[in-house]
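Residue 1071 in my numbering sits at position 370 of the sequence shown, with consecutive numbering throughout.
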Amino acid sequence: MSLRDVIAEHRLIVCVGSGGVGKTTTAAAIALEGALSGRRSMVLTIDPAKRLAQSLGLVSLHPGIQEIDAAKLEAARPGTTGIGSLGAGMLDQKSAWDDFISRHAPNEETRDTILRNEFYQHLSQSFAGSAEYMAIEELCRIHESGRYDLIVLDTPPTRHALDFLEAPRRLEDFLDKSVVGWFVRPSASVGWRAWKTASRTVRFLFDRIEDATGLQALAQISDFFVAMEQLFDGINERGQRVRTLLEGDDTAFVLVAGPDEQILGESEAFAQRMQDLGVSLRGVVMNRVHTDESLRKQGERDEEPDGEFVLTGDEHIRRAIIEEGGSAELADWLIRTFRDGERIADAEDLRRESFEAGLPDDVARVAVPEFGHDVHELVDLAKVAERISHG
């Protein structure tokens, strides 16, 4: 199976991987390929950086979905017919949590109680995995809307990606009724007086929470959980639906990696962790690979028109440079640079082969070369999309 097949056969594609390997650009390119293939496509990021907007030729992204102008899509790959549509959005963590509470609250009073609670306001911005869970929730919401045929999610770098994969379980654990019940006892809401007889360890814990947050911690936490009790069943049910979505046949996880040794090590660990969590890896995009077969062939040999002799390798390059007016010193420097590049490419090939040998046979893989410049417009992004989908 090729990456083109993965894109064509799935409705949700989740791009994961280390930072600095072009993951955001890859996510945008996959979404663009879907649009250029006639699908209603969109890409969503939870990375606050502006790389997604830049790769789409936009000044910035704001919360919500922005539709890319149809004329720009047509110009990205001239001659393409039957073009669909492309939307792009950036998740705002705080707004997403507020919308989440509003959707699940049984009434306005409960909603307002939670939204005004100081503990909730801190929690919605700092809870480990909070942004990741909200991204999955938004992904699920957009999926259920039926508005798009292809949805691509750009996730945080690998060091946070396990938060992303484990976010539904972490939220359910956090809202476990057996734990929450401790906070919603009637005595808890009266504040610190109820804890005069508590152990020194408990008092120390809440003192530190109060020092760290500036909140009257116990009362605020208790009020929050009392209000949240009415949402528990709905949130747990939603968590089940989120997990079903991530593990479903409609969803494909694509790992974006690079040929650097450290990045490949992170990618191997992440792929193994995905397998442990029961999440199927469908594709690998090896990005920013240093290889150029046409340049290598050019440097191999050149036969004189009269057939008297053959110049090979460095001799060919040196002669070509000097014939174009370059000095012998320049020719030698360029040859050294060229050979260094070849050695880098050879080392990358070996590391890639070793990494790919550990992948299941049904995982699609493609190598995308280093383009030499950042992607700042749809025309460049379309070239990346072409390489991803057609190899």
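Glycine included, C-beta positions come from ideal geometry on N, C-alpha and C.
Using CA coordinates, which residue listed in Asp1033, Ser1055, Met987 and Leu1079 is at the minimum distance from Glu1071?
Met987
Give the straight-line distance between the Cα atoms of Cys716 and Ser981, rounded to the nearest whole angstrom.
12 Å
Distance cut-off 7 Å: Glu1054 Cβ against heavy atoms of the ligand SAH
No copy of the ligand SAH appears in this structure; indeed no ligand is present at all.
Helix, strand or coil, according to DSSP, for Glu768 in the structure here?
strand
Could you spell out the range, first to last residue, of the alpha helix (DSSP H) harbouring Ile731?
Lys724 to Leu737
Grouping DSSP H, G and I as helix and E and B as strand, with all else coil, what is Gly721?
coil
If you draw a straight line from the alpha carbon of Leu1082 to that of Ile784, how long is it in whole angstroms?
16 Å
Using a Cβ-Cβ cutoff of less than 8 Å, which residues in the same chain neighbour Gln976 once the five nearest sequence positions on both sides are dropped?
Leu982
If you count every other CB in all the chains shown that lies within 10 Å of the CB of Gly949, and 16 or more means buried, which is it?
exposed
In terms of residue numbering, what span does the beta strand (DSSP E) encompassing Thr746 cover?
Arg741 to Thr746
If Ile1045 sits next to Val1069, beta carbons under 8 Å apart, how far is it from one beta carbon to the other, in whole angstroms?
16 Å between Cβ atoms; not a contact.
Could you give the DSSP three-state label for Thr781: helix, strand or coil?
coil
Taking Thr1038 as part of the alpha helix (DSSP H), name the residues at either end of that continuous run.
Ala1029 to Ala1058
Pull up the distance between the alpha-carbon of Glu1087 and that of Glu734, whole angstroms please.
7 Å
What did DSSP end up calling Thr952 once you bin it into helix, strand or coil?
strand
Would you report the Cα separation of Ala836 and Ile766, rounded to the nearest angstrom?
13 Å
So if DSSP puts Asp855 in a beta bridge, which residue, or which two residues, is it bridged to?
Cys716 and Thr746
In the DSSP assignment, find the beta strand (DSSP E) that holds Val980 and state where it starts and stops.
No beta strand (DSSP E) contains Val980, which DSSP labels as neither H nor E.
Validate contact between the region 1016-1035 and the region 921-938 using beta carbons, cut 8 Å, 3 pairs
no
List the endpoints of the continuous beta strand (DSSP E) containing Ala1065.
Ala1065 to Pro1070
Between Leu932 and the rest of its own chain, which residues show a CB-CB distance below 7 Å, the 5 nearest in sequence each way excluded?
His805 and Ala806
Tell me, please, which residues DSSP counts as bridged to Leu787.
Ser742
Start and end of the alpha helix (DSSP H) containing Gln931?
Run containing Gln931: none; DSSP gives neither H nor E here.
Here's the rule: buried if 16 or more other CB atoms are within 10 angstroms of the residue's CB, otherwise exposed. What is Leu851?
buried
Tell me whether Arg705 sits in a helix, a strand or coil according to DSSP, three-state version.
helix
Tell me where the alpha helix (DSSP H) around Glu1078 begins and ends.
Taken as a continuous stretch (DSSP letters only), Glu1078 belongs to no alpha helix (DSSP H), as it is neither H nor E.
Please go through the same chain and pick out, in chain order, the residues whose beta-carbon is closer than 6 Å to the beta-carbon of Ala928, but skip the five residues on each side of it.
Thr811, Thr814 and Ile815
Among Gly979, Leu824 and Gly758, which one has its Cα closest to the Cα of Ala776?
Gly758
Can you give me the C-alpha to C-alpha distance between Glu1057 and Leu704, rounded to a whole angstrom?
15 Å
Spatial neighbours of Glu962 within its chain, please: CB distance less than 8 Å, with the 5 preceding and 5 following residues excluded, ordered by chain position.
Arg1052
Look up Ala797 in the DSSP assignment and say whether it is helix, strand or coil.
helix
Spatial neighbours of Ser756 within its chain, please: C-beta separation below 6 Å, excluding the five flanking residues on both sides.
Thr726, Ala729, Val1076 and Leu1082
Hey, quick one: how far does the alpha helix (DSSP H) through His1017 stretch, first residue to last?
Asp1015 to Glu1024
Based on DSSP bridge pairs, tell me the residues matched to Met987.
Ala958 and Ala1068
Buried or exposed: which applies to Ser719, given that a residue is buried once 16 or more other Cβ atoms fall within 10 Å of its Cβ?
buried
Between which two residues does the alpha helix (DSSP H) holding Asp813 run?
Glu809 to Arg817
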